[in-house]
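Everything in the sequence shown is counted per numbering that gives the first Met the number 0, starting at 0 for the first residue and increasing by one. As structure tokens, the structure follows; a few thoughts come after it.
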Amino acid sequence: MSKSQKHSFSTLCIEAGEEDKFPLGAVTKPIYQTSTFAFRDTAEVIKFQKGDEGKYLYTRYGNPTLKVVEDKMAALEGGEKGLVVSSGMAAVSTVMFALLRAGDRIISTRPVYGGTYHLFLDLLPRLGIDVKFVAVDSLGLAEKYVDKNTKLFFSETPTNPNLKIVDLEKLVKLGKKHKLLTVLDNTFATPYNQNPLSLGIDIVLHSGTKYLAGHSDIVCGAIVGKKKFVVRARETMKVLGGCIDPLGAFLMLRGLKTLGLRMEKHNINGYRIAQFLSRHPKVRRVFYPGLRNHPQYELARKQMKGFGGMICFEVVGGLKGATKVMDNLRLFINATSLGGVESLASIPVLTSHYGFSSRELNMADVTPGMIRLSCGIEDTQDLIDDLKGALNRLR
């Protein structure tokens with residue numbers, strides 16, 4: 000354990016992974032914008048090939064700028080080792096291809112992010128990997144799918160887009176009972192609000208594009224877990240090529256330094272806006288785990304330290320009503336993605352769940368009248384006033 004790991008969260012955001020003295024006294028980690036690295040002699044090449052982590056060969060394999068982000072993520076999530084990759088989907092696919100082979104089976108909760116769902120539904124089966132889905136509130140049903148070929152249990156919590164909560168204690172118990180690896184997408188919660196590894200989850204991954212980087216300007220991903228798993232994931236990433244570039248890693252590092260501060264404001268805005276929406280007559284339903292009427296409120300309180308800035312709500316009038324609200328927002332930007340300092344809004348059936356069949360939408364509990372909000376760090380009342388003005392256009 001490094002000295003910085005004894006510190007609290009916001010201090011870790013600044014200090015973790017940055018214990019080394021930087022060249023020429025630079026306070027900020029330099030961008031090692033290079034594709035390849037020179038060796039002084041052949042002996043250094045041999046040291047690298049034997050696993051010397053202080054040596055570098057090629058940026059796809061590793062880079063000093065990438066390493067500081069990986070060490071920081073490991074500290075924030077409480078894992079042994081971290082790996083940064085080119086996107087959130089690169090994180091999901093790298094873990095899958097590192098741990099699975101043809102003939103294996105995985106079990107996944109449903110709903111999951113649309114890209115993950117298509118990977119599991121379309122691509123993995125073409126490679127001979129079987130995928131079974133269970134509802135987030137019916138984890139016990141997963142046992143009927145477990146056989147000798149079942150290797151892992153995948154989940155995300157809170158879910159995208161309707162903020163359902165997966166019981167991590169039950170998930171871990173199922174994994175241990177059947178000797179399955181447990182993999183969790185922690186993107187919506189972030190390590191500020193939820194620490195799955197401390198609850199027994201084996202591997203955590205993120206779309207770092209979202210809250211971790213926090214400024215809507217890069218695409219990146221992260222994987223954290225025990226060293227043996229992350230080493231396997233790195234070897235797979237090297238073959239698949241899903242590495243992040245040094246500038247992207249530097250920008251992710253910049254974002255991580257303010258993660259604690261930003262999440263505090265995201266949590267405040269999310270909660271207060273969800274309260275406002277829950278009282279508005281043009282809103283049918285509000286999905287936010289911090290509201291007491293959320294069916295999994297107590298579970299969320301048990302395993303989360305905060306509830307985040309993501310809200311999903313359903314307006315009257317279906318897709319027509321949702322479109323009316325969206326087109327009359329002024330501060331909330333009509334854009335996909337989430338977790339940035341600016342507030343975003345999107346209609347799931349036109350973005351993350353576009354092309355889903357009626358049956359698939361019904362199973363995911365996604366309706367045409369739903370709007371997903373990513374509440375940024377603007378003034379709370381300004382955001383509420385923006386939503387009020389747009390909702391009041393509904394008749």
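From the three backbone atoms N, C-alpha and C, an ideal C-beta is built for every residue, glycine too. Predicted, not measured: the structure shown is a model, and the values here were computed from it.
Inter-residue CB distance, residue i and residue j (contact presumed, cutoff 8 Å)
i	j	result
Gly-368	Val-314	5 Å
Val-83	Val-68	5 Å
Ala-89	Gly-254	With a Cβ gap of about 17 Å, Ala-89 and Gly-254 do not count as contacting.
Asp-326	Asn-161	Wrong, their Cβ atoms sit about 22 Å apart, outside the cutoff.
Gly-269	Gly-213	Not quite, the Cβ-Cβ distance comes to about 15 Å (not below 8 Å), so this is no contact.
Residues that residue i bridges to, as DSSP identifies them
i	result
Thr-181	Phe-152
Cys-219	According to DSSP, Cys-219 bridges with nothing at all.
Val-314	Val-282
Lys-131	Ile-106
Val-83	Ala-221
Leu-260	In the DSSP output, where bridge partners are listed per residue, Leu-260 has none listed.
Met-309	Ser-373
Ser-206	Gly-220
Ser-345	Arg-371
Asn-333	Ala-344
Thr-186	In the DSSP output, where bridge partners are listed per residue, Thr-186 has none listed.
Tyr-57	Thr-35
Cβ-Cβ distance between residue i and residue j below 9 Å
i	j	result
Leu-252	Lys-28	yes
Arg-104	Asn-148	yes
Glu-155	Asn-185	yes
Leu-386	Val-324	yes
Phe-249	Thr-35	no
Cys-374	Ile-332	no
Lys-172	Gln-295	no
Leu-198	Ile-222	no
Leu-151	Leu-179	yes
Arg-283	Phe-312	yes
Leu-290	Thr-93	no
Arg-224	Gly-78	According to the sequence provided, residue 224 is Gly. The question's Arg does not apply to it. Yes. Within cutoff.
Asp-201	Thr-181	yes
Leu-196	Glu-76	yes
Leu-183	Phe-153	yes
Leu-123	Val-130	yes
Which listed residue (the options) has its alpha carbon closest to that of residue i
i	options	result
Leu-349	Ile-128, Pro-195, Thr-322, Pro-190	Thr-322
Asp-146	Ile-164, Leu-162, Asn-159, Gly-174	Gly-174
Asn-159	Leu-260, Lys-304, Ser-345	Ser-345
Met-303	Asp-201, Thr-189, Leu-330, Arg-392	Thr-189
Phe-306	His-177, Thr-115, Phe-187	Phe-187
Tyr-210	Glu-18, Gln-32, Asp-19, Met-72	Met-72
Val-229	Val-218, Pro-124, Met-95	Met-95
Arg-371	Leu-318, Met-362, Ala-232, Leu-393	Leu-318
Ala-334	Ser-215, Leu-393, Gly-320, Arg-300	Ser-215
Ser-206	Leu-298, Ala-232, Tyr-112	Tyr-112
Thr-33	Pro-347, Leu-393, Gly-316, Asn-62	Asn-62
Gly-316	Leu-298, Lys-301, Arg-394	Arg-394
Alpha-carbon to alpha-carbon, residue j and residue i
i	j	result
Lys-2	Thr-366	Low confidence applies to Lys-2: its pLDDT is 46, below 50, so where it sits in the model is not reliable enough to give any reading.
Leu-99	Gln-274	43 Å
Tyr-60	Ser-107	30 Å
Ile-272	Val-340	16 Å
Asp-378	Gly-388	16 Å
Asp-384	Lys-169	40 Å
Ala-15	Ala-74	6 Å
His-117	Tyr-287	25 Å
Ser-86	Ser-336	12 Å
Asp-40	Ala-97	33 Å
Met-236	Gly-139	33 Å
Ala-37	Lys-49	17 Å
Asp-70	Lys-226	12 Å
Asp-136	Glu-142	14 Å
Cys-12	Arg-358	43 Å
Lys-46	Tyr-57	14 Å
Met-0	Phe-8	Interpretation of Met-0 is limited by its pLDDT of 40, a score under 50 that renders its predicted location unreliable; the figure taken from the coordinates is listed afterwards. Spanning the two alpha carbons is a distance of roughly 15 Å.
Ser-342	Asn-266	13 Å
Leu-330	Asn-391	15 Å
Leu-246	Ile-30	6 Å
Pro-280	His-352	26 Å
Leu-382	Gly-338	15 Å
Ile-217	Cys-242	13 Å
Pro-157	Glu-263	17 Å
Leu-328	Glu-234	45 Å
Lys-256	Tyr-191	12 Å
Leu-276	Asp-244	40 Å
Tyr-144	His-177	11 Å
Met-362	Arg-261	33 Å
Heavy atom of the ligand MN within 8 Å of residue i beta-carbon
i	result
Ile-346	Of ligands this structure carries none, so the ligand MN is not represented either.
Below-9 Å beta-carbon distance, residue i vs any chain B residue
i	result
Lys-172	Included in the structure is just one protein chain, with no chain B present.
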